[in-house]
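Below: the structure, in structure tokens.
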Amino acid sequence: MADYKPNEMMTIAASRALKDTDVCFVGIGQPSAAANLARLNHAPNVTLIYESGTLGTKPSVLPLSIGDGELCETALTTVSVPEMFRYWLQGGRISVGFLGGAQIDKYANLNTTVVGDYNKPKVRLPGGGGAPEIAISCGEIFIIMKQSKRSFVNKIDFFTSIGHGSGGDSREKFGVRTKGPTRLITDLAIYEPDAETKEMVVTSIHPGVTREAIQENTGWTVRFANDVARTAEPTKQELEILRDLNARTARAHGEAA
Amino acid sequence: MARIVSLAEAVKAAVRDGDTVAMEGFTHLIPHAAGHEIIRQGRKHLTLIRMTPDLIYDQLIGMGCAGKLIFSWGGNPGVGSLHRFRDAVENGWPNRLEIVEHSHAAMANAYEAGAANLPFAAFRGYIGSDLPKVNPHIKRITCPFTGESLAAVPSHRPDVAVIHAQRADRKGNVMIEGVLGVQKEAVLASKRSIVTVEEIVDDFGPRNLNAVILPSWTVGYVAEVPGGAFPSYAQGYYPRNNAFYKEWDEIARERDTFLAWMKANVLEKGPDAFRQYARKLEAAE
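Same order as they appear, the protein sequences are chains L and A.
Each residue of the first sequence is one higher than the one before, starting from 20 at the first, in this note's numbering.
Each residue of the second sequence is one higher than the one before, starting from 64 at the first, in this note's numbering.
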């Protein structure tokens, strides 16, 4: 049995969700690690797009920011930011958007704006960035987030970007025709929306994780699918590629120019 | 027609107290030297527009230059919080900061509409988001042809745009290669503009035929400030200094360490302080 961390399991499980034919809008951090692992492992032809305008980028190290020079130098081409959001995202040319957040609810709505009241915030978070439109314009959304009671909450403090709204046909009622969050990948499990209610239900549990541990780290009563799978352990190859990528990245970012 | 001047002269001429100022550069080519000059000249009550406030606005906000911020993502990319921005929003230090919050798509559309001399931008956005509840400038409009409901935001029409570019020629034509951001739109949307550049050249030489993004007659002032985008980067010149972005987290976390850093590195320095970061990478071929 391979020795690995929950964080690595999360990144690897997320990377497996990407297909070779996908066009993916990538956010910084965990999404970027997962998307590039997919590209370096099972999906060499996946098209990665960062909101800085880089189309078809193939970075050898993970970027710290959304517009590192590495992303532009290894991209097929780079377009302006208005073009990125208008022609490419709003134009419906992106199959998968990868998001994360500070708070999530059971319908996979995300908060990255504030903790507490908007006008008197306890914590002022960075804000929505590209997320409000990524959430509605990409064909489907994968969310990658570490679980805890603080982040998996019954009621989010602010709706930054829509998931499945209040459930059911919420998205259709808003006139949104894209699928929204189809997968939520955490350090403990994988969730997918219930076909009717759209509540995110656990469909796969990572190795060594119990149902109790999942519930303890979730602020709502977790639903489990009728036939819950066991997530396949990280393979030797997945772990090697991910760790090499992280090591290259740490070396690159440690070097001051 | 662009005038080639020193950075101090450009800021003195173009930026006034109470102005709406857009300092753009999406991760790439952020006009940090110009930001420092605005701080040194003590501008006040500015309305700052920028998609990603970044370190440049953390510094302007912390030094009390801003009364209002129009933005879409206020973090230190890949690192965490902008502590001076947070201190202003959460505690009103050093002054109360009014915020007008958008998404990236709205900001990009608003710049583009400004450049196109339109009063507003329409796009498919903000659906199911709480942002329209806290920002009265986000409205809905119905398409007169299809009936689709779209988001509408007013165009950005700043008094001044400030950007950094790789090169200008002696006439003040401006060239940018790499991540383009919204700089062209920001300058065309603004009444006045300042462009700092890595170098002013007699002739652009071999270049991508689309690389001149602003002809001199669309630009106000051009100032040569080598290294002026540090700690962000200039493609073909120097890389992003990711280590400094991480260090900033410590510098800006507390008010006194922030003020000490600003005194030593901004107030007591001039644009020449950026020269040490300037490099030019050899062409690949």
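Quick reminder that beta carbons are idealized off the backbone N, C-alpha and C, glycines included.
Answer with yes or no whether the minimum CB distance from K125/L to chain A is below 9 Å.
no
What are the start and end residues of the beta strand (DSSP E) that includes M219/L?
219 to 224
Can you list, in chain order, the residues of its chain whose CB lies under 7 Å from that of P289/A, leaving out five sequence neighbours each side?
E261, E262, F337, R338, A341
Is R187/A helix, strand or coil by DSSP?
coil
Residue burial classification, I314/A (beta-carbon count within 10 angstroms, cutoff 16):
buried
Per the contact definition of three or more C-beta pairs closer than 8 Å, is the stretch 76 to 91 of chain L in contact with the stretch 287 to 303 of chain A?
yes
Three-state secondary structure (DSSP) at A244/L?
strand
For K202/A, which residues does DSSP report across the bridge?
A215/A
Interface partners of L83/L on chain A, CB under 9 Å
P140, G141, V142, R303, N305, Y308, K309
Nearest CA to the CA of I133/A: which residue from S69/A, A85/A, Q229/A, T320/A?
A85/A
Taking any Cβ of chain A, which residues in the stretch 121 to 148 of chain L have a Cβ under 7 Å from it, in chain order?
Y137, P140, R143, P145, G146, G147, G148
Would you please verify whether the beta carbon of A85/A is less than 9 Å from any beta carbon of chain L?
no
Considering only C-alpha positions, which residue in the set G135/L, E152/L, E92/L, G120/L is nearest to E153/A?
G135/L
Against chain L, which members of the stretch 142 to 172 of chain A pass a CB distance test of less than 7 Å?
R149, V152, E153, E164, S166, H167, A168, A171, N172
Chain-order list of residues whose beta-carbon lies under 6 Å from that of T97/L (same chain, five-residue window excluded)
G72, T73, C91
Chain-ordered neighbours of T90/A on chain B, where CB pairs are closer than 8 Å:
Included in the structure are the protein chains L and A, with no chain B among them.
Taking 9 Å as the CB-CB limit, is I47/L close to chain A?
yes
E100/A (DSSP reduced to helix, strand or coil):
helix
Measuring straight from C-alpha to C-alpha, what distance separates G188/A and M170/A?
11 Å
Check the Cβ-Cβ distances between E92/L and every residue of chain A, and say whether any is below 9 Å.
yes
Taking the C-alpha atoms as reference points, what is the distance between E240/A and M28/L?
39 Å
I155/L versus chain A: which residues are under 8 Å apart at the beta carbon?
R187, G188, I190, G191
For D22/L, which residues in the same chain have their Cβ closer than 7 Å to its Cβ, ignoring the five residues on either side in sequence?
none
C-alpha distance - A57/L paired with A208/L, whole-angstrom precision:
19 Å
Closer than 9 Å by beta-carbon distance: list the chain L residues that pair up with Q298/A, in chain order.
G88, C91, E92
Give every residue of the same chain whose Cβ lies closer than 7 Å to the Cβ of R255/A, excluding the five residues on either side of it in the sequence, and list them in chain order.
A77, D222, V223, G283
Distance, C128/A Cα to P151/A Cα
Contrary to the premise, residue 151/A reads as Ala rather than Pro in this sequence. If I take the Cα positions, the gap works out to 12 Å.
Assuming contact is defined by CB atoms lying nearer than 9 Å, are R202/L and A94/L in contact in what I supplied?
no
Who pairs with Y69/L in a beta bridge, going by DSSP?
V45/L, T73/L
Neighbour flag for H272/L against chain A, beta carbons, 9 Å
yes
Do M238/A and I276/A count as a contact pair if the criterion is CB distance below 9 Å?
yes
Delimiting residues of the alpha helix (DSSP H) encompassing F148/A:
146 to 154
Going residue by residue through the stretch 246 to 325 of chain A, where are the continuous beta strand (DSSP E) segments of at least 3 residues, counting only ones entirely within it?
255 to 264, 275 to 277, 284 to 287
What is the C-beta distance between A184/A and A176/A, in whole angstroms, given that I count them as a contact (C-beta under 8 Å)?
4 Å
Which one or two residues does DSSP pair with K47/A in a beta bridge?
Outside the displayed span of chain A (64 to 348) sits residue 47/A, for which this structure offers no information.
What residue does the alpha helix (DSSP H) around M103/L start on, and which one ends it?
Where M103/L is concerned, there is no enclosing alpha helix (DSSP H), given that its DSSP letter is neither H nor E.
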